[in-house]
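Straight run, no breaks: the sequence shown in our numbering ends on number 214. Down below is the structure, laid out as structure tokens.
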Amino acid sequence: MGRKRFRRQSRVGPLLAILFITWIAFRLYSVTSQNEQAPFASYENVRVARVVDGDTLLLESGARLRLLGVDTPETKHPDLPPQPFGPEATQFTERFLQGGSARLEFDREQFDNYGRILAFVFVDDRMLNEELVAAGLATAEPQYPYRGDYKRRFLQAEESAKAARLGIWSLHELTGQASTP
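Put into structure tokens, the structure is as follows:
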């Protein structure tokens, strides 16, 4: 009697192991899928009080927002002059947000190390983050964790801007070629 009970329990062990492995595989797959499609994304409509620089906004709530996945040339560094195309990136962002209203799309990481909100910024169906890169006024920042489909869009926009030598990509230091007037 003791042997039969032991054998039945030993059959349960492998079954539990298979179920556990299946559960882990499913969890890993769902995390990967979320990174690609971002079904966890949340949205919020906001009013923009002012544009700080090309990739930083001050919201009417008083919160600072940093565009996710892109980087524009600096204009507000306390010890350095504005970088080339920094003022143009700021002007582009001001024009893009001239109505003052925007829709924010959040990813997993909603705040950076400085406490700023991280988001993709939309006006109607246009994404500011992507359009800055496409205009050659920002670089794609794929090393940070955010949606894979947006990373691909930003990198594709950056390649197009480089090929057309737009904005920052017209500079000799970045292209390795002399700029043309």
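For each residue, glycine too, the CB sits at the ideal point set by N, CA and C.
What residues in its chain sit with their C-beta under 7 Å from that of residue i, if we drop five residues either side in the sequence?
{"i": "W202", "result": "G169, A194, K195, T208"}
{"i": "A171", "result": "G87, D88, V103, D104, T105, A122, L165"}
{"i": "H110", "result": "none"}
Buried or exposed: where does residue i fall if 16 or more other Cβ atoms within 10 Å of its Cβ makes it buried?
{"i": "Y179", "result": "buried"}
{"i": "S212", "result": "Confidence at S212 is low in this model, with a pLDDT of 41, below 50, so the placement of that residue should be treated as unreliable; the coordinate-derived value is given next. Burial call: exposed."}
{"i": "N78", "result": "exposed"}
{"i": "G148", "result": "exposed"}
{"i": "L165", "result": "buried"}
{"i": "D140", "result": "buried"}
{"i": "Y76", "result": "exposed"}
{"i": "N146", "result": "exposed"}
{"i": "E163", "result": "buried"}
{"i": "V90", "result": "Reading the sequence as shown, one finds Leu at residue 90 and not Val. By the neighbour-count rule (16 or more Cβ atoms within 10 Å), L90 is buried."}
If you drop the 5 nearest sequence neighbours on each side, which residues of the same chain put their C-beta closer than 8 Å to that of residue i?
{"i": "G119", "result": "D86, G87, T105, P106, E107, T108"}
{"i": "P47", "result": "none"}
{"i": "I134", "result": "The sequence given here places Ser at residue 134; Ile does not occur at that position. Closer than 8 Å at the Cβ level, and outside the excluded window around S134, lie N78, V79, R80, V81, V156."}
{"i": "L143", "result": "It is Gln, not Leu, that sits at residue 143 in the sequence shown. For Q143, where only same-chain residues beyond five positions count, the Cβ hits under 8 Å are I150, L151, A152."}
{"i": "Y222", "result": "There is simply no residue 222 to check, as the chain begins at 34 and stops at 214 in what is shown."}
{"i": "A173", "result": "G102, V103, V166, K184, F187, L188, A190, E191"}
{"i": "E137", "result": "In the sequence as presented, Glu is not what sits at residue 137; that position holds Leu. Counting only Cβ-Cβ distances below 8 Å, and skipping sequence neighbours, we find Y76, E77, N78, V79, L98, I150, A152, F153, V154, F155."}
{"i": "L113", "result": "E107"}
{"i": "P175", "result": "G102, K184, F187, L188"}
{"i": "L215", "result": "Residue 215 is absent from the model: the chain starts at 34 and stops at 214."}
Report all residues from its chain with a CB closer than 6 Å to the CB of residue i; omit the five preceding and five following residues, and keep chain order.
{"i": "T126", "result": "V84, G87"}
{"i": "I150", "result": "A96, L98"}
{"i": "Q116", "result": "P106, E107"}
{"i": "D158", "result": "none"}
Give the secondary structure of residue i by DSSP, where H, G and I count as helix, E and B as strand, and everything else as coil.
{"i": "S203", "result": "helix"}
{"i": "T89", "result": "strand"}
{"i": "E121", "result": "helix"}
{"i": "S193", "result": "helix"}
{"i": "E127", "result": "helix"}
{"i": "R44", "result": "helix"}
{"i": "V103", "result": "strand"}
Review point. Hey, is the segment 83–99 in contact with the segment 121–138, meaning 3+ C-beta pairs nearer than 8 Å?
Key: Output reads yes: the segment 121–138 touches the segment 83–99.
Check your understanding: At which residue ranges does the segment 134–188 contain complete beta strand (DSSP E) runs of 3 or more residues, listed in the order of the chain?
Key -> Whole beta strand (DSSP E) segments, 3+ residues: 134–139, 150–156.
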